[in-house]
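According to full-length UniProt numbering, the sequence shown is numbered sequentially starting from 1.
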Amino acid sequence: MQIIKDAFVTSCGHSFCHTCITTHLRSKSDCPSCSQFLTNNQLFPNVLLNKLLKKTSACQISKTASPVEQFRDALQQGYAISIKELDNLLSLLAEKKRKMEQDEAERNMQILLDFLNHLQKQKVNELNEVGSHVQTDLHFIKEDINSVERHRIDLYRARDRYSLKLRMLGDDSSTRKPQDSSRERNSSGIASSSLNVRVGMSAGNLQNKKSDGKTQVSGHGAQRKDALSGADSQGFNQSGLFVARKKRIHA
Numbered sequence: 001m002q003i004i005k006d007a008f009v010t011s012c013g014h015s016f017c018h019t020c021i022t023t024h025l026r027s028k029s030d031c032p033s034c035s036q037f038l039t040n041n042q043l044f045p046n047v048l049l050n051k052l053l054k055k056t057s058a059c060q061i062s063k064t065a066s067p068v069e070q071f072r073d074a075l076q077q078g079y080a081i082s083i084k085e086l087d088n089l090l091s092l093l094a095e096k097k098r099k100m101e102q103d104e105a106e107r108n109m110q111i112l113l114d115f116l117n118h119l120q121k122q123k124v125n126e127l128n129e130v131g132s133h134v135q136t137d138l139h140f141i142k143e144d145i146n147s148v149e150r151h152r153i154d155l156y157r158a159r160d161r162y163s164l165k166l167r168m169l170g171d172d173s174s175t176r177k178p179q180d181s182s183r184e185r186n187s188s189g190i191a192s193s194s195l196n197v198r199v200g201m202s203a204g205n206l207q208n209k210k211s212d213g214k215t216q217v218s219g220h221g222a223q224r225k226d227a228l229s230g231a232d233s234q235g236f237n238q239s240g241l242f243v244a245r246k247k248r249i250h251a
């Protein structure tokens, strides 16, 4: 139950809060306690009850209020205090204020330190995650570099093989030309030698024919001499035939 504020008493002797009883009389015309007929003109302020209620309220507030509230209430009610007591109170208040400010600053610093530690831990975790991603990216980049290097080496090797093949083809063509010229020289030499052999054979045949003709002439002459000279012509013919054969052999 709440304490009555601004108490009013009815003609039947019941006390109510002024706000509560006026609200009730707007809808009904009786006393809430005894149901006796009642109007607004039958309401009167209860001065004695209001004083008692104020004292009761002050006692309850003093029991539940803090010392600061009590001190403030005492000053507001005109409590007498000396300057010395007021200076002591001001010193205590200043010391209390300084201590409270220091405690508040320490709490704020602790809160800030906790926040920074949490933020540092969070950033370290993020850095580790990013570092793992960076390591993975570096690994892939390294593999790509190795692949490109291998491909470039293969290209260099293919280029060297192609250059070597071109040089070999050039060397083959240069070696074929001297062989062809030597073959031509050999064929021309063979042809000239065969021509010389043929010419020599023709000359030998011609000389043989000449020697045969001379032999025939000398034979006819010898026959004529044999017919004229007699028995010595046969020996001369034989010697002539021997000489002719010898010439034919040497030819």
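Built from N, CA and C at the ideal position, the CB exists for glycine as well.
Just so you know, these numbers come straight off a predicted model, no measurement behind them.
Report buried or exposed for residue i, applying the criterion of at least 16 other Cβ atoms within 10 angstroms of its Cβ.
i	result
threonine 19	exposed
threonine 10	buried
leucine 90	exposed
leucine 25	buried
Taking the alpha helix (DSSP H) that residue i belongs to, which residues open and close that run?
i	result
cysteine 20	18-27
proline 32	Looking at the DSSP string, proline 32 is not in any alpha helix (DSSP H), and its letter there is neither H nor E.
glutamine 70	67-76
Taking a contact to mean a Cβ-Cβ separation below 8 Å, would you say residue i touches residue j in this structure?
i	j	result
residue 270	leucine 43	Lying before the first or after the last residue shown, residue 270 is absent from the chain, which here runs from 1 to 251.
threonine 39	serine 29	yes
Among the residues of its own chain, which have a CB less than 8 Å from the CB of residue i, if the five just before and after it don't count?
i	result
alanine 7	Ser15, Phe16, Cys17, His18, Pro45, Asn46, Leu49, Asn50 and Leu53
serine 57	Ile3
leucine 93	none
Could you pull the start and end residues of the beta strand (DSSP E) that residue i belongs to?
i	result
alanine 7	7-10
With a CB to CB cut of under 7 Å and the five nearest residues on each side skipped, what residues in its chain are close to residue i?
i	result
lysine 5	Cys17
valine 199	Caution applies to valine 199, whose pLDDT of 44 falls short of 50 and renders its modelled position unreliable; the model cannot decide the point.
Please list, in chain order, all residues of the same chain as residue i whose beta carbon is under 6 Å from its beta carbon, the five residues on each side excluded.
i	result
cysteine 12	Cys31, Cys34 and Gln36
So does the region 75-89 actually touch the region 26-38, counting three or more Cβ pairs closer than 8 Å?
-> no
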